[in-house]
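One structure is given below, encoded as structure tokens.
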Amino acid sequence: EAGVTQSPTHLIKTRGQQATLRCSPISGHTSVYWYQQALGLGLQFLLWYDEGEERNRGNFPPRFSGRQFPNYSSELNVNALELEDSALYLCASSLRGSLNQPQHFGDGTRLSIL
Amino acid sequence: AQSVAQPEDQVNVAEGNPLTVKCTYSVSGNPYLFWYVQYPNRGLQFLLKYITGDNLVKGSYGFEAEFNKSQTSFHLKKPSALVSDSALYFCAVRALYNNNDMRFGAGTRLTVKP
Chain A
9 EAGVTQSPTH LIKTRGQQAT LRCSPISGHT SVYWYQQALG LGLQFLLWYD
59 EGEERNRGNF PPRFSGRQFP NYSSELNVNA LELEDSALYL CASSLRGSLN
109 QPQHFGDGTR LSIL
Chain B
710 AQSVAQPEDQ VNVAEGNPLT VKCTYSVSGN PYLFWYVQYP NRGLQFLLKY
760 ITGDNLVKGS YGFEAEFNKS QTSFHLKKPS ALVSDSALYF CAVRALYNNN
810 DMRFGAGTRL TVKP
């Protein structure tokens with residue numbers, strides 16, 4: 009079974025640009041979660057998508073947005089990039105409504121803002 | 710809202726010695742508890758979970774965790790540490806009542822020295 013895949017592995021941008029990160033969940037998983045892991049910090053919850061809709065959102069500004077496609081893959085878009093957006097962005101997937109099941113993580117996209 | 714605390718940023722143990730990584734939680738109602746491990750430049754890997762039943766949960770790579778309801782703790786343990794266990798460990802909690810929200814601790818860096 010293929011795991012969660014994220015692309016690109018690394019992304020370098022400059023301040024003010026826009027970044028798009030992609031995630032493909034495990035086959036059969038309908039929920040996709042996005043997290044930000046800044047250097048030296050823990051995971052900060054960004055967004056949760058399920059069945060194509062945004063279900064929950066963390067404490068991040070509106071320039072962080074995303075969507076989920078009919079095949080359950082997802083994109084995270086970050087507009088007007090700022091230096092502090094430099095971080096590892098992790099995507100996770102799980103079965104919908106499965107509170108007792110773990111989230112399965114991809115290896116992340118490392119976003120560097122110059 | 711639920712929360713998780715990992716009181717130690719860093720744990721150092723000698724190879725062959727037992728290890729404990731601490732986690733305490735706060736949640737209304739029954740918790741679902743998880744441990745994950747993160748190796749450098751990788752995503753989080755699921756180790757084990759507590760949902761209900763036996764308070765001692767066994768997981769991957771010889772790890773186990775003990776759920777203690779009275780102390781609201783879920784400490785990760787291993788009888789004999791390996792150098793390859795050196796990594797960042799995260800505790801996470803979910804509660805039945807909320808919107809599929811999983812909260813992660815800040816992480817504990819485990820270093821096992823030969």
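Protein sequence lines correspond, in order, to chains A and B. With this note's numbering applied, the first sequence covers 9 to 122. With this note's numbering applied, the second sequence covers 710 to 823. All C-beta atoms in this analysis are idealised placements derived from N, C-alpha and C, irrespective of residue type, glycine included. Model, not experiment: these values are computed from the prediction.
When burial is assigned at 16 or more other CB atoms within 10 Å of the CB, is residue i buried or exposed?
i       : result
Y748(B) : exposed
R104(A) : exposed
F77(A)  : exposed
Q715(B) : buried
At least one CB of chain A closer than 7 angstroms to the CB of residue i: is that the case?
i       : result
L753(B) : yes
F813(B) : yes
N818(B) : One detail in the question is off: residue 818(B) reads as Arg in this sequence, not Asn. Cβ-Cβ to chain A under 7 angstroms: no for R818(B).
F743(B) : yes
K767(B) : no
K758(B) : yes
Identify every residue that forms a DSSP beta bridge with residue i.
i       : result
I34(A)  : Answer is none; I34(A) lacks a bridge partner.
Y43(A)  : F53(A), L98(A)
Q800(B) : Sequence check: residue 800(B) is Cys here, not Gln. Looking at the DSSP assignment, C800(B) forms a beta bridge with W744(B).
Could you tell me the distance, in whole angstroms, from the CA atom of residue i to the CA atom of residue j?
i       : j       : result
E83(A)  : S106(A) : 22 angstroms
G116(A) : S101(A) : 13 angstroms
K786(B) : N85(A)  : 39 angstroms
G114(A) : D763(B) : 30 angstroms
R751(B) : C31(A)  : 15 angstroms
Q109(A) : G768(B) : 14 angstroms
L797(B) : A46(A)  : 14 angstroms
S39(A)  : R118(A) : 22 angstroms
E90(A)  : H112(A) : 28 angstroms
A710(B) : N739(B) : 13 angstroms
S737(B) : T22(A)  : 43 angstroms
Q52(A)  : R65(A)  : 11 angstroms
P8(A)   : T817(B) : This structure cannot settle anything about residue 8(A), because the visible part of chain A is limited to 9 through 122.
Check the Cβ-Cβ distances between residue i and every residue of chain B, and say whether any is below 7 angstroms.
i      : result
G50(A) : yes
L98(A) : yes
Interface residues of chain E around residue i at Cβ under 9 angstroms?
i       : result
F799(B) : Although the question refers to chain E, the structure presented lacks it and instead comprises the protein chains A and B.
Name the residues in the stretch 107-120 of chain A whose C-beta lies less than 9 angstroms from a C-beta of chain B; which are they?
-> Closer than 9 angstroms at the C-beta level to chain B, one finds these residues of the stretch 107-120 of chain A: L107, N108, Q109, P110, Q111, H112, F113, G114, D115, G116, R118.
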